[in-house]
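Taking it in order: structure first as structure tokens, then the write-up.
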């Protein structure tokens, strides 16, 4: 048979685990979606149908639940590191594990405000509402030697209602776009950033604080950049993160240009002074780039995934 | 031909309008998705192909954009009232207009925090991030005589990590469910509430404040109810709104019971003390009910729509 | 407490059941998504937290699986009738049951074609591929006295590339649409039709044949109507079904006008002779109407649901 | 500034183009979703805000529409090759173009069947219905020297109701899965295959025939393989394609194991003889692998994208 097996991996995707931690009456919640992908000495599984080297995907799911109890969930990065290390070190045929995790944010329902006529002195401490903003992401890969941690986010939608221009571009036979000197700039941020932490001998970053800071720097750079193109804004966002967070060496963005077109109100005898816009769905510009710390290696793939 | 035309309506659905209002350097944003449905003397359009009574859906779209400029957008309710009144009063064949509006929330990107090393004294006032939590909804109907305003929300996901039980139910031949004395209660709230305001001679409610208060009461009632069933929690949520907001006479909820199943960790020698849960997708319990002010008429349909 | 409980219902939604029937080596497959909603003497569940009248939603799920074995699945209508009758007749507090079912279509993977070099004389009879076209729907309601069966479909996308015009409409201050004498007409059909069968004493329609015929008549009427508006096409589709199928008394459609805009190629020195179109997403016209057999009562709600 | 720009690309994503071709009264339709990504000498766009090297994404959209007229659409591969060549050869700063295309299938509405009482002798030749099955995909990359064409499909859902086993796997501390000797095997096929055609001097494959044949071989291999794991089935599917189609050198699959769990009917006194299954959503096994012609280079990325 003249065909050969190339790169392969398998595991259980999208195991949904919710962990409640109790501190007296005060509860804490972690809500994750965990996907496991294992590689190694798995040719026989594909070629002969022997499953002797195959840890079932059902077992990888069970392991996620058991580790939520045994190891706890402090951050998606810490939890991913525990899982990746486990699969590679406990099963001889498994040489590499890649753990992807989505985290959904929750905040407390505040019931103690002065306006509430219904409650007593005590605040409720076990009630939560989904924040619904961006989804936090991480991917941890372990090959038995070192770790790679690439964290990120998706679905963080932002808009500047001014301070954005676009002009001076190439005009060819098919160009009809008019230059813009004051436009809306809006995008839904998908980003991934790679940590320079690679293993046990180094102190781990404070994953949760790092995440909050990276998000804050992204938002600030988006807000504070006077933009001549979404590409330029992207580079500012990436540079701000790299310059502000020493634990991050590389960041990649995929930024759809969520077009807001000024509606022509002249047929109705009205002037549209940058007030009324049509928010379009498709098509959209798509701007993607990597920003690196000088000297760092580019390792984040060109195509960012949905998980 | 032995067939006859029944209820019919038409219009442009999902017109996406973003309105920027400038107060010096401080910008304000309203982001709506507007759907128009018109009814009236439209038999010929269906039966003979004469469009003499048909205001094009494209025109209803244009009207949305023109009104964003002419009337402004203070709240989805006010904007829907303007549109509904216009279509019925300006076109003789149009006897009834139903305007549905989704509003997406935005909040300012705060750039003036003490930690930011990058910015000067001035705060950026034209940068926004989508809150991403629930979507606010309204439906305004006008028939030339009176208005009906039904507002609502969807995709508000909440969870209580304790204070929920479910037991004492019917057991038949097909019942295998075990009684629960401490379970997670989680749902994604879809709600609609009808205002008793019906027209011009009455003072309009403060639509935006009303919305914030209804949402707050819902969340508080969810958090503060010790639940014996999702039905009981639903009734508490509805009663709290009716009792707290005199402008609302009727409220209906559609509450999926987002099951969180306790994972059996015993095979792994671990005890799961209400800590580790599997968040399931389908199937889900679906609990729906209306709560009314005593004496009020039930007018919200049984099936709540997605728009 | 000045609030009262209005219409309420509950049950397990979206129970996914796949049934395999074996006829020797030839397998048959039925793939359903079943949603149960029960009503009755359920005030105490909401008001006092007593669940004594509450059949758990988990039990309704179990019943779906048990009935797939006990009663078999010949059609979604037959299966829904079995379930609705069961809940109302077996539980005293349950006075009304509404069963909604989606059916996903599968067809055999044909392996016996002459071009296949790989297989022997025998055809494989247990392999299937999802057709992926429309989703078949039904809703069966039983109140202890009579049945109501409303079947339907969704996501059947159709297009005529000519024989569609739209002109002669109202022009008001906000009208900019140009009249069209040869346009694309495309829609994604959502339809529901009500059977005049109401109970045991009548012979049941041949549900599967009826479905195929209703779909065929809809498609033929869409294809064969020279259209002056989507409203007119809708009425022709509805009339064709009513006139052709005596078991159906009422039909309602919700038809998005999936706009295909002719692209202006003149800036590029090209003529667009109804050849190149932009397929738009939002906004879209939405045309909804009921067609009735003369004398029949209109019972299908104005808003068609997604399930 | 210690940050540098890494890989970057931009263009208009998801331009929806529908092309009608008329052959007398017989119309033909092509329905594509085209995404353009350009790379090259674009540092200044990111770093200085100069757009002198930037061909606007709006222009790439216009070019798609103009080429639909000028070059026609015979297959997504041919259309992608035209576009990729154009951008790289017409604009000096653009060194590389990647064109991704989705094609949606349509078939004629047949109106001439003997059962139709409504039509005359002539068949309608301008009416279509979406097939709704898989989406056909291609990606064409051109760097000025050679082409790479990777075609594929997604959302092709298949099921074997028998001839699938899974046993003999690793059992560790977290393994609870029971071995299966007769299970349902179902997946939704996402596949990509790379052609060995790289440029003008070679004759192009017959793209449309190649697609139909690759799909057929995949389906046949899925149906005809007695499966000991989804990995083994995947390898058979890939090998069948490579062995049958000399124009394809490499193929990669991403196959979710769409679990169908046998429902335990014993509590109801019923025996489930592989008849009644629960179709689960999440989590799911995810099996991914590449199959190569011996000697071919692996070039398809590990993560297959959605577009």
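Residue numbers (the working numbering), protein chains in the order written: chain F, 1 to 307; chain Y, 1001 to 1307; chain X, 2001 to 2307; chain R, 3001 to 3307.
Heads up, the beta-carbon is just placed ideally off N, CA and C, and yes, glycines get one too.
Alpha carbon of residue i to alpha carbon of residue j, nearest angstrom
{"i": "residue 2248 of chain X", "j": "residue 2238 of chain X", "result": "10 Å"}
{"i": "residue 2134 of chain X", "j": "residue 3132 of chain R", "result": "8 Å"}
{"i": "residue 117 of chain F", "j": "residue 1206 of chain Y", "result": "Note that residue 117 of chain F scores 48 on pLDDT, short of 50, meaning its location in the model is unreliable; the coordinates nonetheless yield the value given after this. For residue 117 of chain F and residue 1206 of chain Y, the distance between alpha carbons rounds to 21 Å."}
{"i": "residue 1076 of chain Y", "j": "residue 110 of chain F", "result": "26 Å"}
{"i": "residue 1035 of chain Y", "j": "residue 262 of chain F", "result": "20 Å"}
{"i": "residue 1030 of chain Y", "j": "residue 128 of chain F", "result": "27 Å"}
{"i": "residue 1114 of chain Y", "j": "residue 1123 of chain Y", "result": "Any answer about residue 1114 of chain Y is weak, because its pLDDT of 48 lies below 50 and its placement is not dependable; what the coordinates show is given next. Approximately 12 Å, taken between the alpha carbons."}
{"i": "residue 1258 of chain Y", "j": "residue 1168 of chain Y", "result": "21 Å"}
{"i": "residue 3119 of chain R", "j": "residue 2221 of chain X", "result": "The pLDDT assigned to residue 3119 of chain R is 48, lower than 50, so where the model puts this residue is not dependable; a value taken from the coordinates is nonetheless given after this. Approximately 10 Å between the Cα atoms of the pair."}
{"i": "residue 1302 of chain Y", "j": "residue 2007 of chain X", "result": "7 Å"}
{"i": "residue 230 of chain F", "j": "residue 1038 of chain Y", "result": "40 Å"}
{"i": "residue 3088 of chain R", "j": "residue 3189 of chain R", "result": "33 Å"}
{"i": "residue 1121 of chain Y", "j": "residue 290 of chain F", "result": "For residue 1121 of chain Y, the predicted structure reports a pLDDT of 42, less than 50, and the residue's modelled location is therefore unreliable. A value from the coordinates is still provided. Looking at the two C-alpha atoms, the distance is approximately 31 Å."}
{"i": "residue 1022 of chain Y", "j": "residue 1070 of chain Y", "result": "15 Å"}
{"i": "residue 1052 of chain Y", "j": "residue 1058 of chain Y", "result": "15 Å"}
{"i": "residue 269 of chain F", "j": "residue 1083 of chain Y", "result": "18 Å"}
{"i": "residue 90 of chain F", "j": "residue 145 of chain F", "result": "14 Å"}
{"i": "residue 24 of chain F", "j": "residue 1275 of chain Y", "result": "14 Å"}
{"i": "residue 2060 of chain X", "j": "residue 2235 of chain X", "result": "39 Å"}
{"i": "residue 3137 of chain R", "j": "residue 2260 of chain X", "result": "22 Å"}
{"i": "residue 107 of chain F", "j": "residue 2092 of chain X", "result": "43 Å"}
{"i": "residue 2232 of chain X", "j": "residue 2180 of chain X", "result": "15 Å"}
{"i": "residue 3080 of chain R", "j": "residue 3068 of chain R", "result": "11 Å"}
{"i": "residue 256 of chain F", "j": "residue 3049 of chain R", "result": "18 Å"}
{"i": "residue 3019 of chain R", "j": "residue 1196 of chain Y", "result": "52 Å"}
{"i": "residue 2244 of chain X", "j": "residue 2300 of chain X", "result": "20 Å"}
{"i": "residue 1945 of chain X", "j": "residue 273 of chain F", "result": "The structure shown does not extend to residue 1945 of chain X, since chain X spans only 2001 to 2307, so no value can be given for it."}
Opposing strand residues paired with residue i [DSSP bridges]
{"i": "residue 188 of chain F", "result": "F/157"}
{"i": "residue 2149 of chain X", "result": "X/2140"}
{"i": "residue 3026 of chain R", "result": "R/3023"}
{"i": "residue 1010 of chain Y", "result": "Y/1038 and X/2287"}
{"i": "residue 1243 of chain Y", "result": "DSSP, once it has assigned bridges, lists no residue as partnering residue 1243 of chain Y."}
Residue environment, residue i, which counts as buried when at least 16 other CB atoms sit within 10 Å
{"i": "residue 3240 of chain R", "result": "buried"}
{"i": "residue 148 of chain F", "result": "buried"}
{"i": "residue 3171 of chain R", "result": "exposed"}
{"i": "residue 3271 of chain R", "result": "exposed"}
{"i": "residue 3139 of chain R", "result": "buried"}
{"i": "residue 157 of chain F", "result": "buried"}
{"i": "residue 202 of chain F", "result": "exposed"}
{"i": "residue 2033 of chain X", "result": "buried"}
{"i": "residue 1246 of chain Y", "result": "exposed"}
{"i": "residue 1011 of chain Y", "result": "buried"}
{"i": "residue 2306 of chain X", "result": "exposed"}
Using Cβ-Cβ distances below 7 Å, what residues of the segment 3269-3284 of chain R are close to chain Y?
-> 3281 and 3282
According to a CB-to-CB cut-off of less than 7 Å, which residues of the segment 1171-1182 of chain Y neighbour chain R?
-> 1173, 1174 and 1176
Would you list, in sequence order, the uninterrupted alpha helix (DSSP H) runs of no fewer than 4 residues that lie entirely inside the segment 2058-2103 of chain X?
-> 2076-2090
Mind listing which residues of the segment 1145-1174 of chain Y have their C-beta closer than 9 Å to chain X's C-betas, in chain order?
-> 1165, 1166, 1167, 1168, 1169, 1170, 1171, 1172, 1173 and 1174
Enumerate, from N- to C-terminal direction, the unbroken beta strand (DSSP E) stretches of 3 or more residues contained entirely within the segment 3177-3234 of chain R.
-> 3185-3195
Of all the residues that make up the segment 2249-2271 of chain X, which are near chain F by a beta-carbon distance shorter than 7 Å?
-> 2267 and 2268
Pull out every residue of the segment 3047-3061 of chain R whose Cβ sits closer than 9 Å to any Cβ of chain F, in chain order.
-> 3047, 3048, 3049, 3050, 3051, 3052, 3053, 3054, 3055, 3056, 3057, 3058, 3059, 3060 and 3061
Chain-ordered residues of the segment 1183-1197 of chain Y with a beta carbon less than 7 Å from chain X = none
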